[in-house]
Every structure is written in C-alpha cells, then in structure tokens.
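Using the UniProt record's numbering, the final residue of the sequence shown is 366, and nothing's skipped along the way. Ideal placement from N, C-alpha and C gives every residue a C-beta, glycine not left out. Remember, predicted model here, so these are calculated numbers, not experimental data.
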Amino acid sequence: MKVNMDMQGFGLRPSATIYVSLIETFVKAGKLDTALRISRIWDEMKKAGFRPNYRLYTMIVEYHAKSGKLDIAMSGFSDMEKARFLPTPSTYSFLLEMHAASGQVDSAMKLYNSMTNAGLRPGLSTYTALLTVIANKKLVDVAAKILLEMKSMGFSVDVCASDVLMIYIKDASVDLALRCLQFMGASGIRTNNFIIRQLFESCMKNGLYESAKPLLETYVNSVAKVDLILYTSILAYLVRCQDEQNERHLMSILSATKHKTHSFMSGLFLGPVQRKQSVLSFVREFFQGIDYEREEGAARYFVNVLLNYLVLVGQINRARCVWKVAYENKLFPKAIVFYQHIAWSLDVRNLSVGAALIAVVHAHSP
1 MKVNMDMQGF GLRPSATIYV SLIETFVKAG KLDTALRISR IWDEMKKAGF RPNYRLYTMI
61 VEYHAKSGKL DIAMSGFSDM EKARFLPTPS TYSFLLEMHA ASGQVDSAMK LYNSMTNAGL
121 RPGLSTYTAL LTVIANKKLV DVAAKILLEM KSMGFSVDVC ASDVLMIYIK DASVDLALRC
181 LQFMGASGIR TNNFIIRQLF ESCMKNGLYE SAKPLLETYV NSVAKVDLIL YTSILAYLVR
241 CQDEQNERHL MSILSATKHK THSFMSGLFL GPVQRKQSVL SFVREFFQGI DYEREEGAAR
301 YFVNVLLNYL VLVGQINRAR CVWKVAYENK LFPKAIVFYQ HIAWSLDVRN LSVGAALIAV
361 VHAHSP
C-alpha cells in the first residue's frame, strides 16, 4: 500500500494488475479494519478507468457481505450486473442469506427474483433462509408463493412449510398459522403431529374452539393418540368456561379426543342402574386401569381438575368418591389449583377424607 502511494506521489499510475493484487491481498487478510482501504482502492481503480473483472467483482461483493457491510456489497453487486457479469449461484445465495439473516426481507426478495430471472436455482439452505425471514415478517402469501415455486422445482417442501408454520405458532400468530395450514392442505403439503398438537393447544389458549376441533380430529385420525395430559387440559378449559356456547364447543372437543377418560366422564354422570355399579366402584375401576409408572403426574393433574369440575357443578357425592379413591392411591396434590390461583389449600397427610371434603365444600360455598 505504501509503495502504491509512493508511485502516485511520483505521478505514476498503477496498472490494473497492481490494483487487483492490492485488493486481493487485503481480502485474503480477512481483517475488518481493511474494508475502508479496499473501498478506497476500488474507487481509485474505477476512477482510473480500469474495469474490474468478474473474479474481482465477486471477491469484493462477498468480502463486504461477510463484513456485514451489506449496502456496499449490494452496490458492488449492482455494478457487477450493470457490467453484464452474471453472478454465480453461490454469490447470489451468499448475499441473499446474509440479507435474510439481518432481517432485510425486501432486499432478500429482490435478490431472489433477480436470481430466478437469471435462470439460476437457489439451494435448499437459501430457500430456508428466505422463508425464515418472510415468516418472521408475517408475509403468509409470499411464503406460500415461495413454497409453491420450491415444489415446482422438485424440492420436498413439507419440512420447510412446517418450519414456517412453527414460527407463527411460537409467535402466537394463531390466525396466520391457521391460514398457513389451510394453504398447506390445499397444496398437498403435509406437516407432523407435533405441530398439529402445538397449533391445537394455541387455538385452545386463544379461545378459538371452532378452529381447534378440526385440528384435534386430524391429530386423532393419524397415528397419534390423545394422552391424559391433553384430555385434562381440555377439561380445565371447561372448568374455567363461563359461556354456554363455548361450553358446548368444549364438550364436543372432549368427545372428539376418543380418549378412554371421556367414557369414564360420561359414565360418572349416569345413574347406578345404567352404570350397573356404584359411583365409588366405578371410580376405583377407572383409576386401577391407569399405568402409574408412566402417568402418575398426569393422573394427579386429572384428579385436581376433575375435583374442581365436580364441585363447581354441584356433584358433591361424586367429588367425595373421587377424593376417596385419589386419597387411596396417594394421587392428590397438596393444593388444589384453580386457574393458576390456589382456590383452597389442603394437605391430605393432615386431613381425613371427610374433613378434606368439608373444607372443599366450605371453600366453594357462597
């Protein structure tokens, strides 16, 4: 660099080869503090009337992109296109992925369109980066367009589409997630049961019960099965529900689970003649069928929610029977929690079954 400055001091103009060598040397050094020097040499070279070659354009563009100077990189890229040099797929992809990673969706899309218009095909990693930034910007229709273009090029898009869907779910953008899933279904793009369950739970949390039921039916009709935790979580929404229409939706959702616990719940409210056994025997039989090695925690949760439900609907005798069986199986937690708040606190080690039930009834008396 010093020699170059000395040459210019004597009125000698460096050749194109010297300019190229200087730029290549600084680029290979890989130091960010050399960026200004490279830019200055680059500008001097163009002012001197030298035309950068294809290799030098590529080097400059990728260097500035790696350095995080995307504006300068894009300026060089535009100059490269104006000079009628066709960037390589790797240069396009590198620039696109860097813009996507920095959240610049407009620039990323511009590069994508330029790349495809040039007849170049992005790779899977480039598509993934582009879809991620598009999803984060909540551009559902644009994401759908990109996925269809990927599919037309022979890519398997199920995983990419599921990743987009999961971004909306994690961001609590349930409406967008439902739109995305609807598009996927119409386009023959599949997702997995884990994501279906996540979206179902998000719909439940947001009170979108009409949208939740078809998701649950899809989940149940696949190889997946509703577990006791999921069934109980739906029952917990019913416990907290204060709207008659929503109660009907929730009862329908409970039925759609096809979980054995729902048969128990239905039988619990029958009379002894129809049930052909007492409430206590019926409750004992159900709890004997639980695999406590796998589902003890779920069973505790179920007892908690079920007791809340029975007391709230005035089924004190049935609540007494559930309490007794839970006590026998050491299932009952120390406190009954109602909608994230302790409604009443009981320690079963220090209370008899009768005393505990009296406390429960008293806690819910007006």
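I need the straight-line Cα distance from Ile290 to Val303, nearest angstrom please. 12 Å
Name the residue from Tyr209, Val305, Arg284, Tyr292 whose alpha carbon lies nearest to the alpha carbon of Arg248. Tyr209
I need the boundaries of the alpha helix (DSSP H) containing Asn308, first residue and last residue. 292 to 312
Is Ile146 near Tyr168, with beta carbons less than 8 Å apart? Not closer than 8 Å, so no.
Any idea what DSSP makes of Val279, helix, strand or coil? Val279: helix per DSSP, three-state reduction.
Given a threshold of 16 other Cβ atoms within 10 Å of its Cβ, counted over all protein chains shown, does Thr58 qualify as buried or as exposed? buried
Taking the C-alpha atoms as reference points, what is the distance between Tyr327 and Phe200? 33 Å
Rounded to whole angstroms, what's the CA-CA distance from Glu217 to Asn317? Just pull it up for me. So the alpha carbons of these two residues sit roughly 34 Å apart.
With residue 369 as the anchor, note down where its alpha helix (DSSP H) starts and where it stops. No answer is possible for residue 369: the residues shown for the chain start at 1 and end at 366.
Helix, strand or coil: which one does DSSP assign to residue 368? Residue 368 falls outside the range modelled here, since the chain spans only 1 to 366, and no answer is possible.
Check whether the segment 221 to 231 touches the segment 187 to 200, counting contact only when three or more Cβ pairs, one atom from each stretch, lie closer than 8 Å. yes
Using a 10 Å radius around the Cβ and a threshold of 16 neighbouring Cβ atoms, would you call residue 373 buried or exposed? With the chain covering only 1 through 366, there is no way to say anything about residue 373.
Whose CA, out of Leu306, Ala161, Lys170, Gly207, lies closest to the CA of Ala186? The option with the nearest alpha carbon to Ala186 is Ala161.
Can you give me the C-alpha to C-alpha distance between Met265 and Val140, rounded to a whole angstrom? Near 41 Å, if we compare the C-alpha coordinates of Val140 and Met265.
Unbroken alpha helix (DSSP H) run spanning Thr126, endpoints: Here the alpha helix (DSSP H) through Thr126 covers 124 to 136.
Taking 8 Å as the cut-off, decide whether the C-beta atoms of Ala129 and Ala100 are in contact. yes
Can you tell me whether Gly76 is buried or exposed? The criterion is at least 16 other CB atoms within 10 Å of its CB, across all chains shown. buried
Taking DSSP as the reference, what is the three-state secondary structure of Val220? helix
Could you check whether Asp158 and Ile189 sit closer than 8 Å to each other, using their CB atoms as the reference points? yes
Top-ranked residue by Cα proximity to Leu250, from Ala212, Arg300, Lys276: Ala212
Could you check whether the Cβ of Ser90 sits closer than 8 Å to any Cβ belonging to chain D? Judged by its chain identifiers, the structure shown contains no chain D, having just a single protein chain.
Please classify Leu199: does DSSP put it in a helix, a strand, or coil? helix
From what residue to what residue does the alpha helix (DSSP H) around Asp175 run? 174 to 186
Please say whether Arg300 and Leu331 have beta carbons closer to each other than 8 Å? yes
When you compare only the Cα positions, how much space is there between Ala65 and Ile72? 8 Å
For a quick check, are the C-beta atoms of Leu86 and Ala108 less than 8 Å apart? Result no, Cβ atoms of Leu86 and Ala108 do not sit closer than 8 Å.
Could you name the residues of the same chain whose beta carbon sits closer than 6 Å to that of Ser365, not counting the 5 residues immediately before and after it, in chain order? A caution first: Ser365 carries a pLDDT of 45, below 50, which makes its placement in the model too unreliable to give a value.
For Asp243, name the three-state secondary structure that DSSP assigns. The three-state reading of DSSP puts Asp243 in coil, since its state is none of H, G, I, E or B.
DSSP-derived helix/strand/coil call for Arg284: In the three-state scheme derived from DSSP, where H, G and I count as helix and E and B as strand, Arg284 is classed as helix.
Buried versus exposed call for Glu285 [16 or more other C-beta atoms within 10 Å across all chains shown]: Glu285 is exposed by the Cβ-count criterion.
Where does Thr232 sit, in a helix, a strand or coil, going by DSSP? helix
Residues of its chain near Tyr54, where Cβ-Cβ distance is below 6 Å and the 5 sequence neighbours each way are ignored: Excluding positions up to five away in sequence, the list reads Phe85.
From Asp79, Lys138, Met74, residue whose alpha carbon lies closest to that of Met95: Note that residue 95 corresponds to Leu in the displayed sequence, not to Met. Checked all of Asp79, Lys138, Met74; the closest Cα to Leu95 is Met74.
Roughly how many angstroms lie between the CA atoms of Ala172 and Leu165, to the nearest whole one? 11 Å
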